[in-house]
Each structure stands twice: as C-alpha cells, then as structure tokens.
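The opening residue of the sequence shown carries number 0 in numbering that gives the first Met the number 0; numbering runs sequentially from there. We put the beta carbon where it would ideally sit given N, CA and C, even for glycine. Just so it is clear, the structure is predicted and the values come from calculations on it, not from any experiment. The structure under discussion appears below in the form of structure tokens.
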Amino acid sequence: MGQKSLAVRLSRLSLPIVVLFVALTMTVGLFMSLLFDQESLLRAGRGFYSENAVFFYFPAGRPDLGGKVLTAVDVEGASDYLVVNSVEDIRGVYISGSPETPPMIEGRFLKESDCTGIHPLAVVGTGRWDEVRDSGGIQTIELLGVVHEVIGRMGTEYDSMLNHLVMVGLGSIPEERLAGSRFYVDGDAAVDVFQGIAGKAGALGIGPLESLDPPLEPIDIVAPQLYWGWLYLVVIITIMLLSSAILMVVWINRKIYVIAVYRLVGYDGKRICAAILGTYLILAVSGIGSALVLQGVLSVSGIYVVKTTFVRQSATVAGISFLAGLSVTIPALLRAVRADVVRILR
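Laid out in structure tokens, this is it:
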C-alpha cells in the first residue's frame, strides 16, 4: 500500500486559490509599474533629482574654486551618485559609477570622463533643441560663451522641467559661476557622499559647505498622491496575504475527511502532507503562470502594459503570498494528520 501513488482531488476551493494568485500577481505588477512611472514623472518635473538629494553650495571667495570642486566631488569609496550644479537653466554634472540618469530620446548621456570639461559636451533637453546648430556635420550649442558639442537629446513625451534644461560636464561651468550657486548630490547614499564632499572641501580650503533646503517645485504639489499610492499598494498586498492564509486554512479543513480516509487505508502522515502541499503548489504556480501569460497577451495588445522589471517583482510578491499561505497550511495540516480518525469518520 505504501508504494502506491497518492493523489489529492481538486475541490471547489481550488479555483478561488488560483484566482487569488492571478489577481495578486497582476494587481501588484500594474501598481508597481504605475507608481515607479509616477516617481520618474516626479523627478523629471523637478529637473531630475529624487527625495534623497542633498542640496548645498560652496562659499564664494575661495581661490582656484573651479579645479578644486572637481577634486572635492570625487569621493573615494563612493559610487553610483550624481553631483549637479545649477546655473540658470544649465546643469553642470559630475557622475560617478552608474546612477540613474535622465531619459534619453537620442544619443547618450554624459559619462564620468566627460565631466572634466576638457572637451565641452552637452546633453540638450528636447524643449531647447531649437538652439542646437549644425557646424560641419557636428551638432553644437553655445552656453555661457562656450561652444559645446551635443552628444544627446533628453526629455519626456510630456512637457516637464527636464525638457528645458541643458546638462554639461561640471568642468565646463566657469569658476565665477560656481561660487554661491546651488549644488545637489543624488543617489542611494547621498548623505554619506555629501559628508565625503564636505570633508574633502575642508581639506582643500574651499569649505565649509553650506547645506540648503530643497527647492519647492510645482510638481511637489502632487507628490503626496504618490505616497498614498504606495500605502494603498501595501494595504492590497497585506489583504491578499491574509486572504491566502485564511483560504488555505479553510482548504485544509475541507480536506480533513480525505486525510482521515488516507490514514485509515495505511498512508503515513508525511506522504499525505506532501501530496496536499504539492497540490497547493500546483494551484499557486498555475495562478502565477496564468497571470504572467495574461499580462503578456494584454501588454502586446496595449491594454495592460507592465514593464518586465515589475513582472518579476509581482511574481516575487505572489511567491511571498504562497509562503504566507504555506506558513499557516503546515500547522493546520499537521493538526489534521494527527486528529482522531475514528472521530472524524464517525
């Protein structure tokens, strides 16, 4: 008897379990895609800085400020950050590593080696493309009295502050315009990088740095809606995790009679548990897989567009939901396996 295969029939609760995982995977994928898109819109509306950005300025009256600023912003041991200087509608950029950069329409963005200003390069917002000139087959733009070679066009499909900016290497900004002008450092570890810059500035004699409050941009008026969106997503995920757990407990309770019969005919508890958990795994994978296939079909049709990154994240959340259901299933299943067979079948 112990060598025979053990199969667990699907019950009426099987369909709700599959539907739960389909709904969870698709809902999380869509919401995360929309919310990350809104964050990108927010950054573009601000001129491309995030909530992590730290604002500061170098005090005026320091000798050889231009060359020393480039040295100060190169923080040893730090990577994946941007330091940006604002001079009117021009942004002097120093880039380290691979931080997030503005969306490009054509060409490329500045690299770390482009930021010295030895060869003036510019990335022009699409709203200022009419200022670009063709000079001997090379696109150029004149900024602050210096002709820059244009290597790319950045911007968004909708009107934003980013579209009306020009970004150049920090070394291209004249020294007299650096003193007293606004800088910000942005990246995952912006505060640590700022402290590193402040330490190097003091050692170079161009400190102390003065911190500034972030400017209030018109787009910041709608920023709270983004926070509510993330909160709503957390609530949805929590509800679905609890639903998964509750649904699995009900499912096990419906299986208690079947479990008793299997025990009566000689199957041991481990095989019964493995069979029932295997059935649950099949239902969960079926739901997640169906959602991914459905997302692909709807995405191709243009009805429901979710970026590949968020498909992975939504599948991960669905996997966490599976584990949540599993965490309550195992104790409930063990109780069912250890229950009095005679009492159950009476």
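Nearest candidate by alpha-carbon position, reference Leu142, set Gly135, Leu276, Leu332 and Val131: Among Gly135, Leu276, Leu332 and Val131, the Cα nearest to that of Leu142 belongs to Val131.
Outcome for Leu322 when other beta-carbon atoms lying within 10 angstroms are tallied against a minimum of 16: Only exposed fits Leu322, as fewer than 16 other CB atoms lie within 10 angstroms of its CB.
With three or more beta-carbon pairs closer than 8 Å as the criterion, would you say the region 158-176 touches the region 112-127? Counting C-beta pairs with one atom in each stretch, the region 158-176 and the region 112-127 have three or more that are closer than 8 Å, which means they touch.
Euclidean distance between Cα positions of Asp79 and Ala188: Taking C-alpha positions only, Asp79 is separated from Ala188 by approximately 9 Å.
Start-to-end residues for the beta strand (DSSP E) that takes in Asp133: Looking at the DSSP string, the run of the beta strand (DSSP E) that includes Asp133 is Arg132 to Ser134.
DSSP state of Leu211 mapped onto helix, strand, coil: The answer is strand: DSSP assigns Leu211 an E or B state.
Looking only at its own chain, which residues have a Cβ that is under 7 Å from the Cβ of Leu120, when we skip the five neighbours before and after it? Same-chain partners within the cutoff: Leu109, Asp113, His147, Glu148, Ile150, Val167 and Gly168.
For Ser49 versus Asp185, is the C-beta spacing smaller than 7 Å? Yes. Within cutoff.
Test: Asp88 CB closer than 7 Å to a CB of chain C: Here there is only one protein chain, and chain C is not present.
If you draw a straight line from the C-alpha of Ala259 to the C-alpha of Tyr279, how long is it? Cα-Cα distance, rounded: 19 Å.
Val72 and Val82: beta carbons closer than 7 Å? Taking 7 Å as the Cβ cut-off, Val72 and Val82 qualify as a contacting pair.
Starting from the C-beta of Arg127, find all residues in its chain whose C-beta is less than 7 Å away, skip the five residues before and the five after it, and write them out in chain order. Its chain contains His163 and Val165 as the residues whose beta carbon lies nearer than 7 Å to that of Arg127, once the 5 sequence neighbours on both sides are disregarded; these appear in chain order.
Measuring CB to CB, does Ser242 end up less than 7 Å from Val21? It is not a contact, given that the beta carbons lie outside the stated cut-off.
Apart from the five residues on each side of it in sequence, which residues of its chain come closer than 8 Å, Cβ to Cβ, to Leu325? Cβ within range, chain order: Met247, Leu276 and Tyr279.
Looking only at its own chain, which residues have a Cβ that is under 6 Å from the Cβ of Gly286, when we skip the five neighbours before and after it? Hits under 6 Å: Val17, Phe20 and Val21.
Measure the Cβ-Cβ separation of Ile255 and Ala335 and say whether it is below 7 Å. Contact annotation: Ile255 and Ala335 have beta-carbon atoms nearer than 7 Å.
Do the CB positions of Phe55 and Leu291 come within less than 7 Å of each other? With a cutoff of 7 Å on beta-carbon distance, Phe55 and Leu291 are scored as not near each other.
C-alpha gap between Thr26 and Gly204, whole angstroms: Thr26 and Gly204 have their C-alpha atoms some 54 Å from each other.
Run through the DSSP bridge pairs and tell me what Ala121 is partnered with. When beta bridges are read from the DSSP output, Ala121 appears opposite Val149 and Val167.
Proximity to Met103 [Cα-Cα], best of Val234, Ser210 and Thr125: Proximity to Met103 across Val234, Ser210 and Thr125 peaks at Thr125, based on C-alpha coordinates.
Tell me, which residues are paired with Thr139 by DSSP? The secondary-structure analysis by DSSP pairs Thr139 across a beta bridge with Arg132 and Glu148.
Which whole-angstrom value describes the C-beta separation of Arg176 and Val86, a residue pair presumed to lie in contact below a C-beta threshold of 8 Å? In this structure, Arg176 and Val86 form a Cβ contact; the two beta carbons are roughly 5 Å apart against a cut-off of 8 Å.
For Tyr183: DSSP bridge partner residues: The partner list for Tyr183 (beta bridge, DSSP) reads Phe54 and Val83.
Starting from Arg90, follow its DSSP beta bridges and name the residues at the other end. Answer is Ser85 and Met166, bridged to Arg90.
If we count the other Cβ atoms within 10 Å of its Cβ and call it buried at 16 or more, is Tyr231 buried or exposed? Looking at its Cβ environment, which holds fewer than 16 other Cβ atoms inside 10 Å, Tyr231 is exposed.
Which of helix, strand or coil DSSP assigns to Gly96: Coil at Gly96, not helix or strand.
Since Gly195 is in the alpha helix (DSSP H), which residue starts that stretch and which ends it? Its alpha helix (DSSP H) spans residues Ala189 to Leu203.
Which term fits Tyr90, buried or exposed, when burial requires 16 or more other beta carbons within 10 angstroms of its beta carbon? Before going further, note that residue 90 is Arg rather than Tyr in the sequence given. Buried, by the Cβ-count rule.
Just reading off the alpha helix (DSSP H) that Glu174 is part of, what are its end residues? Looking at the DSSP string, the run of the alpha helix (DSSP H) that includes Glu174 is Glu174 to Leu177.
Quick check: the Cα distance between Arg342 and Val257, rounded to an integer number of angstroms? In a straight line, the C-alpha of Arg342 is about 13 Å away from that of Val257.
Under DSSP, the beta strand (DSSP E) around Gly106 begins and ends at which residues? Note, Gly106: beta strand (DSSP E), Met103 to Gly106.
Start-to-end residues for the alpha helix (DSSP H) that takes in Tyr266: Neither: Tyr266 is in no alpha helix (DSSP H) and is coded neither H nor E.
Counting only the same chain and skipping the five closest in sequence on each side, list residues whose C-beta sits under 8 Å from that of Gln138. Same-chain partners within the cutoff: Val131, Arg132, Glu148 and Val149.
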